[in-house]
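In full-length UniProt numbering, the protein residues as written are 1 to 539.
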């Protein structure tokens, strides 16, 4: 499923996931720090100042009590100074009470500060009464009030102050404990989120790496196999990412190369069979030429015998009839041999025509191989372009695309080797085309020579027919023996000349047949070489 997503989107998702984890950790830290800051602000701005205010109340209340006692114990001349000190302490105590009332937020604290304020006001009222008694000179009554009513208020107020102080210290201690707990929770939360984030990142990194490395290894193995000529590998990948596209492209390239090499092997097989057939036809033509030479030799002998007979007729008119019969038989035999020569030359023409057709088919097959090579060259160009695109994508991917770049280099090297093999095969095909063209040219020349030989043989047959007619006339007209003998001598020379021409043409035909045989052998060797090159690929 992961490989159905492109590498770019996967990378964006990975970095987004890591960024999200960082944001979550930062958010948890910020929220925890805000809560902790609120707790510290509460301690610093409220609870600590409240504790300080309580201490001020306690201190100023102690001063008020002290100055009040000093007034009672001091002589009359010094009481004014102590009364002034008392007034200062009373004002400071009032300010401390006002400050504490402003800071008191909890109901318990408000109740305690209210009780303290009430008792202090009562104390201030009793102190004024005490000062009136003292001013009237009733020191004993003032001291009695100090030890009775005012003592009760002092002790109760001191108890309220101690309770308020203990309450405020407890509140500060609770805030400190809560802050420590919050710090611990924050550390644990950040640690757990960090461990979870690291685990997710490691798992995603392993999965992400495997999703790239495994198909890259498969592509590298396939490319190495193709470079070794193994075109029967099973390359299939249904993923939609870049590595899947590359593997499918390699599979398509291998299939096209497989089909192309198979076609070349079939064409090479056909070429080999055609070369063998051409060799057989050439051998038959060679045998025919040999037989034709033998027949021409016999014809030449017959013509020689005919010339001897004609000379005998010229020297001896008495044996004209007998010699005429012998000449007639010799002419009939010569005509038969000439007819055989014409027939064999016709067979030779048919064989040469079949050779031309076979070579034409061979040239067509070679052209088809050239078309197949064009397809291979186009495939190599497309492979080279694909390797270039892969190298560009690998460069864009950076470090994660290094394996992709290695595969792109292997594919480019494969395309280069394919182009070199294509050029070698193209050179062999050009040599095949040149050899086949030379063979066709030689066979055409032999065909023309054979036609000329057939024509000369026909002329020889006509000449022998005329000799026969002359002999018959010689039998019928012994009177015209001399003239007939001269005619026969001339015809005999013509036949001899024609026979020599036929022998010359036969020699030329034999040379052409030998050239054809050599060309067919060279063609067979080239076909075997082409077959060997194509069998370097495993299809």
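C-beta: ideal position from N, C-alpha, C; glycine also.
The structure presented is a predicted model; accordingly, all values stated were derived computationally and were not measured.
Burial state of residue i (16 or more Cβ within 10 Å)
i, result
"residue 215", "buried"
"residue 31", "exposed"
"residue 447", "buried"
"residue 434", "exposed"
"residue 617", "Nothing about residue 617 can be reported from this structure: the residues present for the chain run from 1 to 539 only."
"residue 290", "exposed"
"residue 237", "buried"
"residue 15", "exposed"
"residue 282", "buried"
"residue 108", "exposed"
"residue 23", "exposed"
"residue 512", "buried"
"residue 309", "buried"
"residue 119", "buried"
"residue 422", "buried"
"residue 3", "buried"
"residue 374", "exposed"
"residue 126", "buried"
"residue 476", "exposed"
"residue 10", "buried"
"residue 425", "buried"
"residue 155", "exposed"
Of the residues the options, the one placed nearest residue i, counting alpha carbons only
i, options, result
"residue 57", "162, 424, 134 and 108", "162"
"residue 47", "498, 213 and 103", "103"
"residue 469", "503, 452, 454 and 487", "487"
"residue 357", "440, 147, 62 and 54", "440"
"residue 508", "498, 449, 111 and 372", "449"
"residue 171", "127, 137 and 106", "106"
"residue 411", "22, 223, 330 and 115", "223"
"residue 243", "136, 6 and 409", "6"
"residue 333", "227, 202 and 463", "463"
"residue 249", "209, 384, 505 and 418", "384"
"residue 517", "442, 534 and 496", "442"
"residue 428", "497, 496 and 528", "528"
"residue 84", "131, 329 and 241", "131"
"residue 97", "51, 140, 135 and 74", "51"
"residue 8", "168, 212, 114 and 37", "212"
"residue 90", "112, 117, 424 and 399", "117"
"residue 457", "472, 219, 497 and 490", "497"
"residue 198", "133, 228, 17 and 493", "17"
"residue 219", "531, 408, 179 and 515", "408"
Same chain, Cβ closer than 7 angstroms to residue i, five either side skipped, listed in chain order
i, result
"residue 86", "64, 67, 68 and 71"
"residue 388", "none"
"residue 93", "57, 60, 61, 64 and 120"
"residue 284", "351"
"residue 208", "10 and 14"
Beta-carbon contacts of residue i that lie in its chain and below 8 angstroms, excluding the five residues immediately before and after
i, result
"residue 461", "335, 338, 339 and 342"
"residue 405", "390, 391, 394 and 395"
"residue 288", "344, 347, 348 and 351"
"residue 365", "267, 270, 271 and 274"
"residue 431", "526"
Residues near residue i in its chain [Cβ-Cβ closer than 6 angstroms; skip 5 each side]
i, result
"residue 122", "153"
"residue 436", "359, 362 and 363"
"residue 520", "275, 278, 279 and 282"
"residue 444", "none"
"residue 74", "82"
*Counting pairs of beta carbons, one from the stretch 183-197 and one from the stretch 376-383, are three or more of them closer than 8 angstroms?*
no
*asked:* To test your reading of the DSSP string, which unbroken beta strand (DSSP E) runs of 3 or more residues are found completely within the stretch 247-285?
replied: none
*asked:* Under 8 angstroms, with one C-beta from each stretch per pair, do the stretch 275-287 and the stretch 522-534 reach the 3-pair mark?
replied: yes
*Run through the stretch 378-413 for me and flag every whole beta strand (DSSP E) of 3 or more residues, listed as ranges in chain order.*
none
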